[in-house]
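Chains as they are written, first to last, in the numbering used here: chain A, 38 to 399; chain B, 69 to 373. We put the CB at the ideal spot given by N, CA and C, even for glycine. Everything on this sheet refers to the single structure shown next.
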Amino acid sequence: MHIPDGYLSPQTCAAFGAGMVPAWFSAGRRVRKVVKSRSVPLLAMGAAYCFLVMMFNVPIPDGTTAHAVGGVLVAVLLGPWAALVAVSTALAIQALFFGDGGVLAFGANAFNMALVLPFAGYGAYRLLARNTSLTARRRALAAGAGGYVGLNLSALCAAVELGVQPELFHDHHGVPLYAPFHLSQTIPAMLGAHLLVAGVVEAALTTGVVAYLQRANLPVLRLNHPAVPDDDAGLVEPRRLGWRWAWLGLGAMVSLTPLGLLAPGAAFGEDAPANLDLQRYHLDTVPRGLAHYAGFWHNALFSGYGFADDSHPDLAYLVSALVGVLAAGAAVGAAYGACRLARRLRGGSLSRATDKPGAVPT
Amino acid sequence: VTTTTPAWLLEPQIGLCPCGCIGRRRRGNFVAETIEGSARVMGQALFAEDTAAAPGLWQGLDARVAVVSTLGLLVAVSLVHHLGVLVAVYLATVVLAALCRLPLGFFVKRVWLFIPIFTGIVVLPATLNVITPGHDVLSLGAWFGHDLAITREGLTGAALLVTRVATSISLVALLTLTTPWNRLLAALRALLVPRMFVLVLGMAYRYVFHLLDAVTDMYTARRSRAAGPERDTRSGRAFVTAGAGALFGRTHALAEEVHMAMVSRGYTGEARTLTAPRLRATDVLWLATTMAAVALLVGADRAFA
């Protein structure tokens, strides 16, 4: 994902470089405030660690090996702001001393891998690991999911940066001056590889390292999680949102349903057979099976979310939404009731499985 | 240049894409590959220190001038739109490398082993009319209902990209192979990079090699315990993640120790870096020449249009 010099126009590089300056300054100030004079050695070692994690070959099942970036791992261990500085420094070492990634493209690479990757990944991790103990299995899995999300978002950013080049920068003959592929080609190419392979490797590495530290070196995990209890016993029950908010949210969504009438066009593959654009699909007639089964069920209460005579479409949308919510609520309620009844008949209560990791705090 | 770096460390390796999608798919052992990777990093750093210590044109320059010249030339290279001008700049970098007494074979190979295999294959599809429409040069027949052809615009675009990437990589290689890393870091101060970042960068670079030793030890220990090739990827992954976790533990302990060592030597959180010496007349002359060359390049390129 390291973009070399020559793939991006100097204007793009300048924009990303200028955009990253406030992020770096803000990161420097925040980290210094939290860890005071410790910040320099901690960040330097974090950067060296980042550089080395990128060198670890992870074996994958087809017998080959792949690399991970480790940005989310560093964000989980040291916090996203420290990760911003550490990954940027590792990228600077790679670009300046080892020719990996461009010097002019440093701002764009730092944006993708030092800003988007740790922050998006850390956000996903925090969201998924909410209110679990430091040794919970869910926390390690959340870190892995964060790695997956972060890496793919970062790859998407790189794909967009590369993909806009031919549209924005070409000469008067249409010759692309920098990266030649369009968005419709860069996004599938980058995301395909990252969603299927690189993201999974990143997730595996991040989960594995956090799980290892949970077993073997808990104090290191506490660095960025000072308020999180070590095990489930210390957990404080989170404040639950009241039912009132659920009703309010549902009501708001029901009242907003007529917005659907504003949407132009129709969803692909949902046309009635009569409205099909046959020429577009190189067809002469509607396929027999489609014509036969299209009108299979014609007892719908609100066909097309409207009344039978198509009058008052707004009101029909609201009524459809209300009836839909009540029907779904009744179905969920019935299922819940059936489960409770079954549990009572069995005569026991289901106790929630608790995590019992064999953590040895050192 | 005779270097003190052992020859076996400098054997060139083709820059294959790590995902294995290009060229020979390496069904390698992850342990051996990580050890090789560490050796490569170490070899590259040692080699750069060797060439930077040898006498030559850029080695005698002030590091600030070298950094500013490289950046100026990089910007010029990215602004140039004509293939001829780019090729001329590439040839000029090879001449500069010769004047810096860098081993030319190594300098050229380092760029051209990486470019055709990585950038070349990536841009190959961009020469087709489905991606870069234009005047057809060579028809490839009909595929899936589309007439495929190589276009003149596509070929020009691909050649521009490949030459631009090659020239940019050569320029950065020229800088890193002729400037010792400590002077390069001191020069970053001239580009208004804050002291704290320069300090972090310098310490990180120094401790990369310390931690690299730890990684190599860990993997060598694993390799020497294993008889025959490792087939169980699951246990391999468990080893890698435990290794990365243990390395973080060491990293953190090292940061604590370094911090205490710094405090005991009077560090109060105020970053200090070496101050670079005053510029000499030759430095100023070289800087003026490079800037004139940058202006000339961009001007000549615009005049062509």
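Could you give the DSSP three-state label for proline 394 of chain A: helix, strand or coil? Because the pLDDT of proline 394 of chain A is 48, which lies under 50, any placement of that residue in the model is unreliable, and the question is left without a value.
Simplified DSSP assignment, three categories, for valine 205 of chain B: strand
Tell me which residues of the stretch 64-87 of chain A have at least one Cβ-Cβ distance to chain B shorter than 9 Å, keeping chain order. Gly65, Arg69, Lys73, Ser74, Arg75, Ser76, Val77, Pro78, Leu79, Leu80, Ala81, Met82, Gly83, Ala84, Ala85, Tyr86, Cys87
Going by DSSP, what residue range makes up the alpha helix (DSSP H) through isoleucine 103 of chain B? Residue range 98-121 is occupied by the alpha helix (DSSP H) that includes isoleucine 103 of chain B.
Could you pull out every residue in the same chain whose Cβ sits closer than 7 Å to the Cβ of glycine 304 of chain B, ignoring the five residues on either side in sequence? Phe98, Glu298
When DSSP labels each residue in this structure, what does glycine 367 of chain B get in the three-state scheme? helix
From the DSSP output, read off the bridge partner residues of aspartate 215 of chain B. For aspartate 215 of chain B, which the question treats as bridged, DSSP gives the partners B:Ala210.
Along the stretch 286-318 of chain B, where does the CB come closer than 8 Å to a CB of chain A? Name the residues. Glu298, Thr301, Gly304, Arg305, Ala306, Val308, Thr309, Ala310, Gly311, Ala312, Gly313, Ala314, Leu315, Phe316, Gly317
Identify the contact partners of proline 262 of chain B in chain A, using a Cβ-Cβ distance below 9 Å as the criterion. Trp61, Phe62, Gly65
Mind checking glutamine 48 of chain A: buried by the 16 CB within 10 Å criterion, or exposed? Residue burial is scored here from C-beta neighbours: glutamine 48 of chain A has fewer than 16 other C-beta atoms within 10 angstroms and is therefore classed as exposed.
Using the beta-carbon of each residue, which ones in chain B are nearer than 7 Å to glutamine 222 of chain A? Ile199
As a quick exercise: from A:Leu128, A:Pro203, A:Ala157, A:Thr172, pick the residue whose alpha carbon is nearest that of asparagine 189 of chain A. A:Ala157
Using the rule of at least 16 other Cβ atoms within 10 Å of the residue's Cβ for burial, across every protein chain shown, is aspartate 351 of chain B buried or exposed? buried
Using a Cβ-Cβ cut-off of 8 Å (strictly less than) and excluding sequence neighbours within five positions of serine 386 of chain A, which residues of its own chain qualify? In this prediction, serine 386 of chain A has a pLDDT of 49, which is less than 50 and means its spatial position is unreliable; nothing more can be read from the coordinates.
Would tyrosine 249 of chain A count as contacting chain D if we go by Cβ distances under 7 Å? Among the protein chains of the structure shown, namely A and B, there is no chain D.
Residues bridged to histidine 207 of chain A by DSSP? A:Pro213
How about valine 113 of chain A and alanine 60 of chain A: are their beta carbons less than 7 Å apart? No, the Cβ-Cβ distance between valine 113 of chain A and alanine 60 of chain A is not below 7 Å.
Output, in sequence order along the chain, the residues in the stretch 102-116 of chain B whose CB is closer than 8 Å to any CB in chain A. Thr102, Gly105, Ser106, Val109, Gln112, Ala113, Ala116
Proximity to leucine 347 of chain B [Cα-Cα], best of B:Phe265, B:Gly128, B:Val362, B:Thr246: B:Gly128
Separation of alanine 145 of chain A from alanine 119 of chain A, as counted between CA atoms: 19 Å
Of all the residues that make up the stretch 154-183 of chain A, which are near chain B by a beta-carbon distance shorter than 7 Å? none
Which residues share a DSSP beta bridge with alanine 103 of chain A? A:Val95
Using a cut-off of 9 Å between C-beta atoms, extract the partners of proline 98 of chain A located in chain B. Thr301, Arg302
Looking at chain B, is there any beta carbon in it that lies within less than 7 Å of the beta carbon of asparagine 254 of chain A? It does; some Cβ of chain B falls within 7 Å.
Tell me the DSSP secondary structure of leucine 196 of chain B in three-state form. strand
Does the beta-carbon distance from leucine 220 of chain A to glycine 200 of chain A come in below 7 Å? yes
Cβ shell of tyrosine 273 of chain B (< 7 Å), same chain only, five flanking positions each side left out: Trp249
Chain B contact residues for alanine 241 of chain A, given Cβ-Cβ distances below 7 Å: Arg305
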